[in-house]
Amino acid sequence: MAAKDEQPIQLQGFFNQILQGVIIASLVWVGGKIDRSSDGLTAARIELTHVKETLKTLAEDRDNIVAGMKGISLNEERLRQNDMRIQEMTSRVYALEKIVMELSKNH
Numbered sequence: 004m005a006a007k008d009e010q011p012i013q014l015q016g017f018f019n020q021i022l023q024g025v026i027i028a029s030l031v032w033v034g035g036k037i038d039r040s041s042d043g044l045t046a047a048r049i050e051l052t053h054v055k056e057t058l059k060t061l062a063e064d065r066d067n068i069v070a071g072m073k074g075i076s077l078n079e080e081r082l083r084q085n086d087m088r089i090q091e092m093t094s095r096v097y098a099l100e101k102i103v104m105e106l107s108k109n110h
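Letter 6 of the sequence shown, counting from 1, is numbered 9 in this note's numbering, and no numbers are missing.
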């Protein structure tokens, strides 16, 4: 009977390891820097803060470009690149917020 009771615990530990691996892989995929000595939740929160700050800076830069735009092709290209970065950073924020929420549930 004891061997039967141990199996779910072993499986739960196995699935927790898989979840941790998926979370770490997700952080790496979204460009997060992971310090192996810190736990995943701390790394996710630090990266989320960094990405949000970058997104805010990009949005402010975009507003400044639009405000000063006079049809110069250089500004149009900068604006296009900036919009792409804003989309990328927004996706990263959503992904990191989801990771932080998942990690918070386990702590």
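Quick reminder that beta carbons are idealized off the backbone N, C-alpha and C, glycines included. A quick note: this is a predicted structure, and the numbers were derived from the prediction, not measured.
Beta-carbon gap between residue i and residue j smaller than 8 Å
i	j	result
residue 44	residue 103	yes
residue 51	residue 106	no
residue 89	residue 78	no
Residue environment, residue i, which counts as buried when at least 16 other CB atoms sit within 10 Å
i	result
residue 46	buried
residue 92	buried
residue 85	buried
residue 95	buried
beta-carbon residue i near the ligand GDP non-hydrogen atom, thresh 7 Å
i	result
residue 52	As for the ligand GDP, it is missing from this structure, which has no ligand bound.
Where residue i falls: helix, strand or coil (DSSP)
i	result
residue 40	In this prediction, residue 40 has a pLDDT of 48, which is less than 50 and means its spatial position is unreliable; nothing more can be read from the coordinates.
Only counting runs of 3 or more residues, tell me where the beta strand (DSSP E) segments fall wholly within the segment 42-98, in order along the chain. none
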